[in-house]
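From first to last, the protein sequence lines stand for chains A and B.
Sequential numbering of the first sequence, starting at 6, is according to our numbering.
Sequential numbering of the second sequence, starting at 6, is according to our numbering.
Reading through the structure tokens given below for one structure.
Protein chains: 2
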Amino acid sequence: MAVQLIKKQDLRRSILDTSRHMLVSEGFNHLSMRKIAREAGCSATSIYLYFRNKDALLHALIDEGFEMIFSLIKGKISEDNRPAVNLEVLCRTFIKFGLDNPEYYEIMFLLHPKNMDRYPAENFRRATRPVSILADTLLQGEKTGYFTIQDPVVEAHVIWSSLHGAITAILANRIDVRINQQDFIDSVVQHVIRGLTRGREKNGC
Amino acid sequence: MAVQLIKKQDLRRSILDTSRHMLVSEGFNHLSMRKIAREAGCSATSIYLYFRNKDALLHALIDEGFEMIFSLIKGKISEDNRPAVNLEVLCRTFIKFGLDNPEYYEIMFLLHPKNMDRYPAENFRRATRPVSILADTLLQGEKTGYFTIQDPVVEAHVIWSSLHGAITAILANRIDVRINQQDFIDSVVQHVIRGLTRGREKNGC
DNA sequence: TATAGTACTTAACAGTGTTAAGTACTTCGT
DNA sequence: ACGAAGTACTTAACACTGTTAAGTACTATA
């Protein structure tokens, strides 16, 4: 009985591992239940024993992605840093995550939610942790006088969406070929920071 | 013969009209060749007489979208306006277009190009006109001393991608429910403009 | 009137997600 | 020890998808 349960979870894990591997190596739109099954060594319908449907399997992968980005961020920001430093680290970490993990980024942020099952509420809360950390950072910067902010939550979403736009533009190859990618990224980050520190940097006043 | 040619183009137009209508009313991912054919009154394979494949048909619709947004922009900006006015108009027009035409926006900016046939070079040039106009506006603002810009082309892409991020965030319902949509949009636009006018507005210097 | 070309259709292929039904096998209660 | 129940899986099937090959009327031309 105990052995059975372990074996059961073995197939589940195998399906998840295969899916993750295939997602990264072949891309989201080559991810099919039958292909996963073939690779995982079971029939396509067996997947449904462990995941309600394809979306549920995808949600599990999306979860992994959010766990990745959360631990990346957590490992890089620090209460000891000045808010402006944490802000820049947040921006660059997010961008780097997107560019390093385009397939994860796609399922996490590019899949049209309208076409998918609703992302479970509990997972959703986890998914929004990074933007909460960003809002906290902004609030702290505002309190300590580094930033000029009206509403940290709104501002955090503005910044987050701006970074998202930059990442997708790069991933989709929509940046003019004349533009150096690093220059573009630096410009985006600079733009974000400028928007918060207006009139606060040394300008001879 | 002349009559035939007209009739021929009639079916092509009917397919295109049906596709556009179905795209807007049912969404991109409910757009199938068989459904279009059924609605247009022909067989699915007849579509292939006028469009190389589904992507080519989609490209035609995407083209329409870029024509729409281009004429929207052209109708709203003016050489007589101050660059800052044109900039804000550009931003708000683009955002409004995205929110008013989510299905067009999806096929124009959200479809992963990797999964599609290459967008024809000539069309691509037309598609990039809005961002060129934006770059021109920035350059003009820089020349006349309104903006502080390093590279107008880079800056235009930064702004464009930032707006894109904002639009997709709204369309994908990724904006926190506590945030008022108009507040968010205003914040985004303000953020864009701030990034260009740093140290130039009246600040008591 | 036969030929060539136009404008279309039907049938089929290979793939998709998903469900219903069936099959071994294992464990449990009597 | 034996039938019942439950587990872990599979096969077959449905209703779709984009796309191609082959076939069918019809029409204009030589």
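By construction, the Cβ of each residue, glycine as well, lies at the ideal position given by its N, Cα and C atoms.
Using a Cβ-Cβ cut-off of 8 Å, state whether residue i counts as contacting chain A.
{"i": "B:Arg183", "result": "yes"}
{"i": "B:Asp85", "result": "no"}
{"i": "B:Leu21", "result": "no"}
{"i": "B:Ala174", "result": "yes"}
{"i": "B:Arg97", "result": "no"}
{"i": "B:Lys119", "result": "yes"}
{"i": "B:Glu147", "result": "no"}
{"i": "B:Glu93", "result": "no"}
{"i": "B:Asn106", "result": "no"}
{"i": "B:Glu31", "result": "no"}
{"i": "B:Gly170", "result": "yes"}
How many Å lie between residue i and residue j at the Cα?
{"i": "B:Arg97", "j": "B:Phe114", "result": "17 Å"}
{"i": "B:Thr173", "j": "B:Val94", "result": "19 Å"}
{"i": "A:His169", "j": "B:Asp15", "result": "42 Å"}
{"i": "B:Thr133", "j": "A:His117", "result": "24 Å"}
{"i": "B:Ser19", "j": "B:Glu44", "result": "9 Å"}
{"i": "A:Ile138", "j": "A:Ile154", "result": "16 Å"}
{"i": "A:Ser76", "j": "A:Glu69", "result": "11 Å"}
{"i": "B:Glu111", "j": "B:Phe71", "result": "12 Å"}
{"i": "A:Val197", "j": "B:Asp181", "result": "20 Å"}
{"i": "A:Ser192", "j": "B:Val194", "result": "17 Å"}
{"i": "B:Glu160", "j": "B:Tyr53", "result": "41 Å"}
{"i": "B:Ile123", "j": "B:Lys59", "result": "The amino acid at residue 123 of chain B is misidentified as Ile; the sequence shows Arg. Each residue's Cα considered, the two are about 12 Å apart."}
{"i": "B:Gln187", "j": "A:Thr23", "result": "43 Å"}
{"i": "A:Gly46", "j": "A:Asn128", "result": "29 Å"}
{"i": "B:Lys119", "j": "A:Arg179", "result": "12 Å"}
{"i": "A:Ile78", "j": "A:Met38", "result": "32 Å"}
{"i": "B:Arg25", "j": "B:Thr50", "result": "18 Å"}
Leaving out five residues before and five after residue i in sequence, what residues of the same chain have Cβ atoms less than 8 Å from its Cβ?
{"i": "A:Met73", "result": "Phe102, Asn106 and Tyr109"}
{"i": "B:Met27", "result": "His35, Leu36, Lys40, Ile41 and Glu44"}
{"i": "A:Leu21", "result": "Leu62, Ala65 and Leu66"}
{"i": "B:Thr202", "result": "Ala89, Tyr151, Phe152 and Thr153"}
Cutting at 7 Å between CB atoms, please list the residues of its own chain near residue i, excluding the five before and the five after it.
{"i": "B:Gly32", "result": "Glu108"}
{"i": "A:Ala126", "result": "none"}
{"i": "A:Leu10", "result": "Summary for A:Leu10: the model assigns pLDDT 42, below 50, so the residue's position carries little reliability, and this model does not support an answer."}
Spatial neighbours of residue i within its chain, please: C-beta separation below 6 Å, excluding the five flanking residues on both sides.
{"i": "B:Pro157", "result": "Ala140, Leu143 and Leu144"}
{"i": "A:Gly146", "result": "Pro88 and Phe152"}
{"i": "A:Asn91", "result": "Ile82 and Thr142"}
{"i": "B:Leu176", "result": "Pro107"}
{"i": "A:Met121", "result": "Asp60"}
{"i": "B:Ala171", "result": "Val193"}
With a threshold of 8 Å between beta-carbons, can residue i be considered close to chain B, or not?
{"i": "A:Gly46", "result": "no"}
{"i": "A:Phe189", "result": "yes"}
{"i": "A:Arg199", "result": "yes"}
{"i": "A:Ser37", "result": "no"}
{"i": "A:Ser192", "result": "yes"}
Please list the residues of the stretch 125–140 of chain B that have a C-beta atom closer than 7 Å to any C-beta atom in chain A, keeping them in chain order. none
Which runs of the alpha helix (DSSP H), 4 residues or longer, sit entirely within the stretch 102–181 of chain B? Taking only runs of at least 4 residues, the alpha helix (DSSP H) segments lying wholly in the stretch 102–181 of chain B are 107–110, 126–132, 134–148 and 157–176.
Check each residue of the stretch 42–74 of chain A: if its Cβ is closer than 8 Å to any Cβ of chain B, include it; give the result in chain order. none
Extract the residue ranges of the beta strand (DSSP E) inside the stretch 32–111 of chain B, only unbroken runs of 3 or more that lie entirely within it. none
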